[in-house]
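Remarks on the structure that follows.
2 protein chains.
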Amino acid sequence: MGEVKHLCLVKFKEGVVVEDVLKGMTDLVAGMDMVKSFEWGQDVLNQEMLTQGFTHVFSLTFAFADDLATYMGHDRHAAFAATFMAALDKVVVIDFPVVVAKPPPPA
Amino acid sequence: MGEVKHLCLVKFKEGVVVEDVLKGMTDLVAGMDMVKSFEWGQDVLNQEMLTQGFTHVFSLTFAFADDLATYMGHDRHAAFAATFMAALDKVVVIDFPVVVAKPPPPA
Numbered sequence: 001m002g003e004v005k006h007l008c009l010v011k012f013k014e015g016v017v018v019e020d021v022l023k024g025m026t027d028l029v030a031g032m033d034m035v036k037s038f039e040w041g042q043d044v045l046n047q048e049m050l051t052q053g054f055t056h057v058f059s060l061t062f063a064f065a066d067d068l069a070t071y072m073g074h075d076r077h078a079a080f081a082a083t084f085m086a087a088l089d090k091v092v093v094i095d096f097p098v099v100v101a102k103p104p105p106p107a
Numbered sequence: 001m002g003e004v005k006h007l008c009l010v011k012f013k014e015g016v017v018v019e020d021v022l023k024g025m026t027d028l029v030a031g032m033d034m035v036k037s038f039e040w041g042q043d044v045l046n047q048e049m050l051t052q053g054f055t056h057v058f059s060l061t062f063a064f065a066d067d068l069a070t071y072m073g074h075d076r077h078a079a080f081a082a083t084f085m086a087a088l089d090k091v092v093v094i095d096f097p098v099v100v101a102k103p104p105p106p107a
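Residue numbers (full-length UniProt numbering), protein chains in the order written: chain A, 1 to 107; chain B, 1 to 107.
Below you can see the structure in the form of structure tokens.
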């Protein structure tokens with residue numbers, strides 16, 4: 001069993017300062033060793049029919065499924081999640097073991 | 001400007017053989033050099049309130065935004081996308097430059 005990802009697609013409520021949310025998330029995961037890496041992004045193609053209003057992606061990577069479970073059950077995650085969810089108009093969350101079907105070429 | 005990801009969250013129609021779709025996508029990207037890597041996964045936590053019925057994630061990584069544009073405009077992508085979309089009950093697609101907020105630790 002390899003890496004597991006915790007992926008959130010979100011649409012923020014109007015008036016939310018996305019930079020503040022990002023800072024909160026970055027600070028949170030910086031202090032939590034069970035989070036192997038964290039990347040995010042903002043949609044750039046704006047194909048409304050396909051994005052369905054979702055604008056941002058947040059992706060946490062864990063080396064093991066147990067690390068994800070530890071993270072999800074952690075008080076600091078619970079506290080942040082409450083604030084995070086309150087800032088969202090829409091959200092979809094998927095947790096999945098990563099299957100690499102085409103690996104990147106050697107660097 | 002770094003990597004760009006093309007991310008699809010999907011819910012398949014009933015009766016769709018997911019393995020066939022996966023094989024089609026794997027074959028497609030294996031033959032297209034502008035696709036740097038391809039990974040996918042199936043949701044394992046089944047938190048219906050959070051997944052909203054989405055079950056699978058497909059993530060293509062491109063080294064440059066131009067590679068994504070070339071891929072999106074390619075005949076082979078168009079042909080596959082038509083078949084792929086027909087197999088879906090729901091889909092959200094997001095295209096985003098990757099911001100690495102917490103890099104993975106050195107191997």
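From the three backbone atoms N, C-alpha and C, an ideal C-beta is built for every residue, glycine too.
>> Determine, for B/P106, whether the minimum Cβ-Cβ distance to residues of chain A falls below 8 Å.
In response: no
> How many Å lie between B/V4 and B/V57 at the Cα?
Replying inline: 16 Å
>> Rounded to the nearest angstrom, what separates B/E39 and B/N46 at their Cα positions?
In response: 20 Å
>> Considering just the uninterrupted stretch of the beta strand (DSSP E) at A/K5, what are its terminal residues?
In response: 4 to 12
>> Could you tell me which whole beta strand (DSSP E) segments of length 3 or greater appear in the stretch 51 to 80 of chain B?
In response: 56 to 62
> Using 8 Å as the limit for Cβ to Cβ distance, is A/F80 near chain B?
Replying inline: no
>> Looking at the secondary structure, which residues open and close the beta strand (DSSP E) in which A/G24 lies?
In response: No beta strand (DSSP E) holds A/G24; the alpha helix (DSSP H) holding it covers 18 to 30.
> Any idea what DSSP makes of A/A101, helix, strand or coil?
Replying inline: strand
>> Out of A/A30, A/V29, A/D27, A/S59, which one is the CA nearest neighbour of A/Q42?
In response: A/S59
>> If I follow the unbroken beta strand (DSSP E) through B/G41, where does it start and stop?
In response: 37 to 42
> Whose C-beta lies closer than 7 Å to the C-beta of B/V16 among residues of the same chain, with five residues either side of it excluded?
Replying inline: A87
>> So A/D66 contacts chain B; which residues on that side make the cut at Cβ distance below 7 Å?
In response: None at all; the shortest Cβ gap to chain B is about 13 Å.
> How many whole angstroms separate the CB atoms of A/H74 and A/M32, which I take to be in contact at a CB cut-off of 8 Å?
Replying inline: 7 Å
>> Do B/K90 and B/K11 count as a contact pair if the criterion is CB distance below 8 Å?
In response: yes
> Across which residues does DSSP place B/L45 in a beta bridge pair?
Replying inline: Its beta-bridge partners do not exist; DSSP assigns none.
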